[in-house]
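Per our numbering, residue 4 is the first one in the sequence shown, and the count goes up by one each step. For glycine and all other residues, C-beta sits at the position ideal for the given N, C-alpha and C. Just below is one structure, and these are the notes that go with it.
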Amino acid sequence: MATASLSHAFSRDWFSTTCVNGCAMLIGHKFPSSTEPLALLSAWVADIVYSNGDRDSLWRLTERTEYWTKPVWVLPVISNNHWLLATFRLSSRTITVFDSFGSTETCSKVASLAYRLVLQLAELALAKKNVDIPQYGWCGYPASLDCQQKNGYDCGVWVVACIFSICQGHTTVVASETEIESFRLWLFLHAFILPKN
């Protein structure tokens with residue numbers, strides 16, 4: 004993780020896309036899912052879907068995750084300078100959207116974007132790997148209706164904490180602001196001890 008991204012993890016700065024992606028990769032590498040394999044999708048994937056980007060770019064960003072073999076996908080999404088997390092569960096065809104502010108309106112918008120991604124990834128999986136991913140019957144839900152975040156800068160930390168919780172077998176994260184501050188420090192310490200190559 005770059006030094007600039009490390010400083011975001013420790014200070015009270017808002018997490019950039021690079022920082023959220025880096026922290027998600029750190030969590031996925033050091034603390035892989037204990038219950039079921041996850042596809043940790045890059046936050047850049049949502050940008051491609053938002054902008055109706057080309058399928059080749061989407062494939063380049065998602066192929067290494069082998070999402071077509073995983074029952075659960077997670078995708079950090081930024082909407083109006085606020086981080087959310089979409090979690091896709093293929094077996095139940097559900098998309099849950101975690102918003103630390105508990106906004107159902109924002110969750111609904113992100114769930115619509117996430118469903119567009121399901122359709123695009125299903126198309127790619129069929130074309131590239133001959134794997135059929137269900138395209139119909141999906142439902143979107145907010146992961147929580149509670150406003151857990153009280154400040155204007157920790158949404159990225161909440162999203163990474165939610166990714167960590169999902170890796171531990173939970174469906175979402177429930178924490179206090181103090182616990183999130185401690186989690187930010189914990190993230191920094193884990194990132195800081197990574198080899199510098």
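Contact under 8 Å by Cβ, residue i with residue j
i, j, result
"Ile-98", "Ala-89", "yes"
"Cys-150", "Phe-91", "no"
"Trp-189", "Val-176", "no"
"Ala-178", "Leu-29", "no"
"Leu-201", "Leu-127", "Examination of residue 201 is not possible in this model, given that the chain is present from 4 through 200 alone."
"Leu-116", "Ala-49", "yes"
"Val-75", "Ala-146", "no"
"Lys-153", "Glu-182", "no"
Exposure label - residue i; buried when at least 16 CB within 10 Å
i, result
"Ile-169", "buried"
"Thr-72", "exposed"
"Asn-55", "exposed"
"Arg-67", "exposed"
"Gly-159", "buried"
"Arg-63", "exposed"
"Trp-86", "buried"
"Gln-123", "buried"
"Ala-130", "exposed"
"Thr-65", "buried"
"Val-134", "exposed"
"Asp-157", "buried"
"Leu-44", "buried"
"Ile-196", "exposed"
"Phe-34", "exposed"
"Ser-36", "buried"
"Leu-78", "buried"
"Gly-25", "buried"
"Met-4", "Legend: pLDDT at Met-4 = 48, less than 50; position of this residue unreliable, value from coordinates given subsequently. Buried, because 16 or more other Cβ atoms sit within 10 Å of the Cβ of Met-4."
Residues that DSSP places opposite residue i in a beta bridge
i, result
"Ala-52", "Note that residue 52 corresponds to Val in the displayed sequence, not to Ala. Paired residues: none, contrary to the question."
"Pro-35", "Note: Pro-35 sits in no beta bridge, so no partner."
"Val-77", "Leu-43 and Thr-90"
"Cys-142", "Thr-97"
Residue from the options whose Cα sits closest to the Cα of residue i
i, options, result
"Cys-142", "Gly-25, Ser-94 and Ile-183", "Ser-94"
"Leu-148", "Trp-76, Asp-102 and Asn-84", "Asp-102"
"Ala-46", "Asp-57, Val-23, His-32 and Phe-18", "Val-23"
"Trp-17", "Leu-192, Arg-187, His-193 and Ile-196", "Arg-187"
"Glu-184", "Ile-196, Ala-146, Gln-171 and Ala-164", "Ala-164"
"Val-121", "Lys-153, Val-52, Asn-83 and Ser-37", "Val-52"
"Asn-83", "Gly-140, Glu-108, Ser-37 and Ile-30", "Glu-108"
"Gly-140", "Arg-96, Leu-41 and Val-100", "Arg-96"
"Cys-110", "Gln-138, Tyr-144 and Ser-19", "Tyr-144"
"Ile-166", "Ala-114, Asp-57 and Gly-31", "Gly-31"
"Gln-171", "Thr-21, Ser-19, Thr-38 and Thr-20", "Thr-38"
task: Could you pull out every unbroken alpha helix (DSSP H) segment of at least 4 residues lying fully inside the region 96–135, listed in chain order?
output: 107–132
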